[in-house]
Every structure is written in C-alpha cells, then in structure tokens.
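Per mature numbering (1 follows the signal peptide of the UniProt record, and there is no 0), the sequence shown runs over residues -25 to -1, 1 to 161. All C-beta atoms in this analysis are idealised placements derived from N, C-alpha and C, irrespective of residue type, glycine included. A short write-up of the structure that comes next.
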Amino acid sequence: MFATSRLISTTAILSILVLSASAFASEENYEEAAKQLQQRLGKVLMSTIQKDGHVAAISVCNEQAPEIASAVSDELNLSVGRTSLKVRNPQNEPTKKQEQVLKEFERLWSKTKENVPTQRYTNEEGHTVWMKAIVMQPQCAACHGSNIEPELRKAITQKYPNDKATGFDVGDIRGAFVVRSKNQNQ
C-alpha cells in the first residue's frame, strides 16, 4: 500500500515537472516566433529603406510582412502576427481580449519603461495566445510618428485609407506581437 502510494506520488510529481518543462519550452517557442518576425521583417524593411526609401518600404509591410509572418508560423508551428490599438492594416485589428492586453501593456509601460510586457492566456477557442509589446523605435518614426513627410503620408493613405497607426513617440507601446498555438491546449 505504502509503495503504491509512493509510486503514485512520484508519478504525479514527475508529471507536473514534465508539464512545467513543456510549458517553459512553449514560452521559449512563443518568444522565438516574435523575435523571428521582428528580425526578419526589420531586416527587409531597413534594407528597402536604405536602398529605395520609405515610400518603397510601405509595400514591404503591405505585401511581404504577411508572407514573412506565414513563413515563421509554418517553421515554428505557431501563428504569429501583429496587432495594435491603432492599426494600419485592418486585418490586424485586435480581438477584445487583445485590446485589453494592449491597454494593460500601456498601463504597465507608462509606470516603469522597463521590461517589455508580455502576457499569456487561453482564448475562447482553447488556443494559447502569447503577446509581447512592441516599443516604438526611432527608425519607426518616419512612418508611425507625428511628423510624416507629405509624400510618404500620401503613399501610406493610398495603401491604407483608414490608417490609424500614426502619432506615436519613440518609446511608446505601438502594438504587440501576437503568437497563437495552432492546436488547442498547447
């Protein structure tokens, strides 16, 4: 009886440890997906800006960003993208829960400006969703800041007539990376 009880206890403890390790590994995978999207998109954007200017970079965000996100998603078996309270692309509109998380990110960030906020939750469909705030960087100001050049503003408006993704200051929370498991309870 004692041996059986001990075996059950040991098995339960090992199961908890394995599940915890699995959750930790998943956390790293979510972080890696956001990092890969940020690095790959950033590299293409900066290269395009240096070679052809900011107006040309609009097509990177419009056409190549979804392709880059799709490639990262496929490679890591996760769904990765971006959202914001002030979106440029209407396909990136936040869900109600994402909107709540974004507002919480802004609240947390305004207090400390340290440790870029992240949050993990389970959505209505049972998928794990991990979000990490995107902090406005100086190189983003040309297209997302308050003083956008008229020619660039016109080009943005042509691609995105309902653009709301402007008026940010360097250091603001501009949005978030959203990484979602493709399978329920993952």
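Coil, strand or helix - residue i by DSSP
i, result
"Tyr96", "strand"
"Phe80", "helix"
"Gly17", "helix"
"Arg63", "coil"
"Ala(-1)", "Because Ala(-1) sits at a pLDDT of 40, beneath the cut-off of 50, its placement in the model cannot be relied upon, and the following sentence gives the value as read from the coordinates. Reduced to three states, the DSSP call for Ala(-1) is helix."
"Thr70", "coil"
"Glu89", "coil"
Contact set for residue i: own chain, Cβ-Cβ below 8 Å, skip 5 residues either direction
i, result
"Ala(-5)", "Reliability fails at Ala(-5), whose pLDDT of 36 lies under 50, so the model's placement of it is uncertain and the value that follows must be treated cautiously. Excluding residues within five positions, none has a Cβ falling inside 8 Å."
Residue i - containing beta strand (DSSP E), residue span
i, result
"Lys107", "103 to 110"
Bridge partner(s) assigned by DSSP for residue i
i, result
"Ser54", "Arg155"
"Gly28", "Partner(s): none; Gly28 has no beta bridge."
"Ile148", "Val110"
Cutoff 6 Å; reference residue i; Cβ partners in own chain excluding five residues on either side
i, result
"Ile24", "Ala32"
"Met106", "Val76, Gln94, Ala151, Val153"
"Asn37", "Lys134"
"Ala108", "Phe80, Val91, Pro92, Ile148, Ala151"
N- and C-terminal bounds of the alpha helix (DSSP H) containing residue i
i, result
"Glu126", "125 to 134"
"Ala140", "No alpha helix (DSSP H) contains Ala140, which DSSP labels as neither H nor E."
"Cys118", "116 to 119"
Item checked: the stretch 77 to 84 touching the stretch 95 to 105, judged by at least three CB pairs closer than 8 Å -> These segments do not touch.
Notebook entry, point to check: Would you call the stretch 44 to 52 and the stretch 63 to 72 in contact, with 3 or more CB pairs under 8 Å?
Noted result: Counting Cβ pairs under 8 Å, fewer than three are found: no touch.
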